Each structure stands twice: as C-alpha cells, then as structure tokens.
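Chains as they are written, first to last, in the numbering used here: chain A, 1440 to 1663; chain B, -14 to 226; chain C, 34 to 86.
All C-beta atoms, glycine included, are put in the ideal place defined by N, C-alpha and C.
Predicted model only: the values in this text are computed from it and were never measured.
In what follows, a single structure is set out as structure tokens and then discussed.
This is the structure we're talking about:
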C-alpha cells in the first residue's frame, strides 16, 4: 500500500468513527458555540468592541476546540489496545500522522465554517477579503492540526494526558493565533497585501509542523 | 572523589565571580547617563537572557546527541534535563527583571516588546517540556529528546512572528530604543562581560550538579526495581528449597 | 526618582538572588542526600552506579 493511501485509510477511519460516535458534532461544536457566547458576555456587546476583536475571539474559540479535537483523536485509540493495533499494523508512521492530522483538520474546518457564521451573526462583523480569509483559515487549520497531532501522540498513553496536552500545545501554536488573527483583521480591513504576508507565515508554520510530524510521529508512537 | 573536588573548586570560583559581579554592578560601575541607576538591572537582565538561550540551545544539542544512535548515552538525556531546568529559571528571571526594569523606564510593568514577549512564550514552551520530563515511564528518554527538538524548532517561528507583530503594526521600535542602554563607558562594558561570565559559570555548576543528581536518582530507581524483583523471587525460592 | 530607581534595582537583585540561591541550595542538599543513600546502599563507594544482579 502506498504512503498516500495509508494516510487516506487512517483519515477515513478517524472520520468514520467521528461520524458514528457524533462526539465532534454533539460536544466539540457546542463547546465552540458557547465560547463565542461567553466572549460576548465578557466584552459587553453594547460597548461595540466585539466587531474589532472578533478575529481574535474566533481564533481563540478554534484553538480551544482544537485541543478537544486532538484529545478526542487519541482517546479513540486509548481503549481495547487500539494503539497497539495501530503500531503493529505495519503502516508508515508518517502516513499515520498525516491521516490523523488530516482528520483533525477536516473536523476543525467544518467547525470553523459554523463558528464563522456565528461570529458574523453574533458580533456584527462585515465580511471582506474572502480571497485571503479562506486560504489563511485553511493554512492555520493545517498548522493547528499538525502541531496538535504531534503533541497528542507525545502525551498519548500518559496518565496526565488531558492536562498536559493544553500546556504543550498552546505555547507551540501561539504563532498561529497571532498570524491568523492579524491576517483576518487585515483582510476584513481590506489591507490584502499585509494579510498575505501573515498568511505566508501561516503557510510556513503548516509546512514545518507537518514535516516535524511526519518525521517524529513514528518514533513517538513506538514509545507511547 | 576527584570529581567532587573539581565541583567544589568550580563552586568556589563561581561564588567569587558572582560576588565580584555584585560589587561591580551595584557599586563600581557608574550609573547610566539617561536611565540612572535603573540601568544596573542590565547586569542581571542580559546574562539571564543569554543563559536562557544558551541553556535551551544546549538542551536541543544534547537531545539530538541522545537521539543519534552512535552517541546515545544517558548522560545526554541528563544534560538536556538539567539544562532545560536552568533555562526555565533564567527565562523566568529574565521576564521578572525585564518587568522590574521596565516599570521605572516605561511606566507600566509590562510592554509588549518583541524580546520580552518571545521570552514569555519560551517560558511556557519549556515549562511544558519540564512537565513532560517529570512523568518518566517507558521510553521516556527518547520521547523527551524528540519533544525538546520540536520545542526548539518552534523557537525561531515564535521569535519571527512576535517580532513582526510588535514592529509592523505598532511603533515597536520605540520600545526597543527605550530599553537600549548605550554602553560607552569601559567600566560598564567590563561589568556586563563579568556578569555574563559569572552567570555562565553558575550555569555550568548547576548543570554538572543536576546531572550528577539525575544520575544518582536513576541508579536509585534501578536499585528499587532490583530489590522489588528480589522480594518477589525470594519466597518461591525458599519454597522450592 | 533616584531613590525610587534604587528601590527597583534592589527588588530585582534580591528576588533574583533568592531564586538562584534557593535553586542552588536545593541542588546541593539533594546531591548530598542522594550521595548518602547511595553510600549506604551501593557497594561501590558511590562513584559508580550499582548494577542489578
């Protein structure tokens, strides 16, 4: 079996599990929604700050949800020796990584579409510069999913995984939050040239974290 | 015994160097022409920041050497852990001293200045690494080494993005200029070099001591395991005899 | 202003000294304690790691 088809196999497996268990739709999605609502409570909508800070709030909501998605991605293999099965299946470590990261990225992208609708509706944001917003969101999501998956396997099998993963992931993806927020802000303000610069930074992060994951995932899975 | 003696000498040398640094930094060096005595925090801030970056660099190199099969030795893992611990303490001190220095110069305790912000992210990045190290378990050394390398790859990206953020869309350069102390006085530059040197000695002493401690702890764990096995095996042995 | 600055300097130096001092003291005490256990339990004088039988 080729590298690509192994990756597709793993991604399809994870997505099928999510489609049947409905944890992503029944738990992670509502979580993102309530976070958006809470931001509105914290920053009173009547003070009119919400439209200006909406990009940052959106990405924080995505970031927090991505922690749940990553935990979930490794929780489905925690029981019944499923991780041993994955280890022994003879698949390439890099392909397993790409498959799992792709599954997380697909879930996050679906979540982002819904959250984006929520932000536009709840925070009274006018959407401009979709040409940049879409690629920026995709690259940021790939970066988040890749970095999250690397740290997820690092902590998989540890007893303190739930508390350790956020501490490991959040500082590592701080550049993604920074760059994605700036890219969105600039795109909404129609400063497309500067928005593209931040988008390119997101691209660099996505590529670097994917490469790190392809190399490191196999050995980390062995030790988990 | 020889090793202990050498460590004691190093400890004594470090203490003397640190005492000399204090004397120069607080008494002998002249106050800065612009910032006055507040600039004396420079002799703490710069060496702490330098050590933090040196320590994380050493952690990355030691982790790489551990992962390379030909150079795999427990000592590299110990060095990586010891260095990261000193690095996190120094990062914390850099943030603290930078903030205390910033208060009289900038006004607020914290400015979103590029170097301070990068250091703050690094602080949390390596706190996570230390938390991971504390867990141990099967294959922990290899896992920790990979984690250290991943964290190290992230450092330039964090630095670059924060730098861009603070200089591109705010008047970031102002912060940098205000933090800058122009060192023209030879006594000031000597004090700074002395401080960097004595802090580096302190780093070496801390690393050596921490490595030795980790080594002894490892031996302790092995002995505990051996004794536990003996205790399990012993009753059956007497029965069969 | 100048007296105030000295206050910040003293604060910075005192806290840094306390943190570094506490860390070094912990290392030194920990090492002494570990060596003592090692000498008591190990057969090889505490210079090399004892190996399981």
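query	result
Could you pull out every residue in the same chain whose Cβ sits closer than 8 Å to the Cβ of residue 15 of chain B, ignoring the five residues on either side in sequence?	170, 172, 173
From residue 49 of chain B to residue 130 of chain B, what does the alpha carbon distance come to, in whole angstroms?	7 Å
Which residues in chain B have a C-beta closer than 7 Å to the C-beta of residue 1589 of chain A? List them in chain order.	135
Would you kindly report the start and end of the unbroken alpha helix (DSSP H) that includes residue 24 of chain B?	Segment: none, residue 24 of chain B is in no alpha helix (DSSP H) and carries neither H nor E.
State the beta-bridge partners of residue 17 of chain B as determined by DSSP.	B/21
Got a sec, what are the start and stop residues for the alpha helix (DSSP H) residue 81 of chain B sits in?	59 to 91
Considering residue 1511 of chain A, what are the terminal residues of the alpha helix (DSSP H) in which it resides?	1489 to 1514
Using a Cβ-Cβ cutoff of less than 7 Å, which residues in the same chain neighbour residue 1454 of chain A once the five nearest sequence positions on both sides are dropped?	1542, 1545
Can at least three beta-carbon pairs, one atom from the segment 1639 to 1656 of chain A and one from the segment 1586 to 1598 of chain A, be found at a separation below 8 Å?	yes
Say whether the segment 51 to 68 of chain B touches the segment 204 to 211 of chain B, bearing in mind that this needs 3 or more beta-carbon pairs closer than 8 Å, one atom from each stretch.	no
Between which two residues does the alpha helix (DSSP H) harbouring residue 1545 of chain A extend?	1532 to 1562
For the alpha helix (DSSP H) holding residue 1662 of chain A, just list the boundary residues, first then last.	1631 to 1662
Determine the closest residue to residue 1610 of chain A out of B/13, B/2, B/61, B/135, with distance taken between C-alpha atoms.	B/135
Quick one: grab the DSSP three-state call for residue 112 of chain B.	helix
What in chain A is Cβ-close to residue 72 of chain B, meaning under 7 Å?	What residue 72 of chain B touches in chain A: nothing, since even the nearest Cβ is about 14 Å away.
Please report whether the beta-carbon of residue 98 of chain B lies at a distance below 8 Å from any beta-carbon of chain D.	Judged by its chain identifiers, the structure shown contains no chain D, and its protein chains are A, B and C.
Using the three-state DSSP reduction, which class does residue 76 of chain C fall into: helix, strand or coil?	Residue placement at residue 76 of chain C is poorly supported in this model, since its pLDDT is 46, which falls under 50; the coordinates still yield a value, given next. Note: residue 76 of chain C maps to coil in three-state DSSP.
Under 8 Å: do the segment 116 to 123 of chain B and the segment 1594 to 1607 of chain A share three or more Cβ pairs, one atom per stretch?	yes
Just checking my contact of residue 1442 of chain A with residue 1535 of chain A at CB under 8 Å: how many whole Å lie between their CB atoms?	Contact flag wrong, Cβ pair sits at about 10 Å.
Using a Cβ distance threshold of 8 Å, determine whether the segment 82 to 89 of chain B contacts the segment 38 to 47 of chain C, with at least three qualifying pairs required.	yes
Rounded to the nearest angstrom, how far is the Cβ of residue 47 of chain B from that of residue 65 of chain B, given a contact under 8 Å?	4 Å
Given a limit of 8 Å on CB to CB distance, which residues of the segment 137 to 151 of chain B reach chain A?	138, 139, 142, 143, 145, 146, 147, 149, 150
Quick one: grab the DSSP three-state call for residue 1523 of chain A.	helix
Can you look up residue 96 of chain B in the DSSP assignment and give me helix, strand or coil?	coil
If we cut at 8 Å on Cβ distances, does residue 126 of chain B have a partner in chain C?	no
Could you tell me if residue 1518 of chain A is buried or exposed, where buried requires 16 or more neighbouring beta carbons within 10 angstroms of its beta carbon?	exposed
Whose Cβ in chain B lies nearer than 8 Å to the Cβ of residue 1606 of chain A?	109, 112, 113, 116
For residue 1644 of chain A, go through chain B and note every residue whose CB falls closer than 7 Å to its CB, in chain order.	142
Excluding sequence positions up to five away, which residues of its chain have a Cβ less than 8 Å from the Cβ of residue -6 of chain B?	none
Suppose you measure from the CA of residue 1630 of chain A to the CA of residue 1654 of chain A; what does that come to, to the nearest Å?	37 Å
Using 8 Å as the Cβ pair cut-off and three pairs as the minimum, do the segment 120 to 128 of chain B and the segment 25 to 40 of chain B touch?	no
In whole angstroms, what is the alpha-carbon distance linking residue 1555 of chain A and residue 1497 of chain A?	7 Å
Where does residue 103 of chain B fall in DSSP's three states?	helix
Can you have a look at residue 161 of chain B and say buried or exposed, based on whether 16 or more other CB atoms are within 10 angstroms of its CB?	Model confidence at residue 161 of chain B stands at a pLDDT of 46, short of 50, so the residue's coordinates are unreliable; what they give is reported in the following sentence. Exposed: under 16 other Cβ atoms inside 10 Å.
Here's a check: name, in chain order, each residue in its chain whose Cβ is nearer than 7 Å to the Cβ of residue 1516 of chain A, leaving out the five neighbours to either side.	1522, 1525
Using alpha carbons as the reference points, say which of B/219, B/194, B/202, B/217 lies closest to residue -12 of chain B.	B/194
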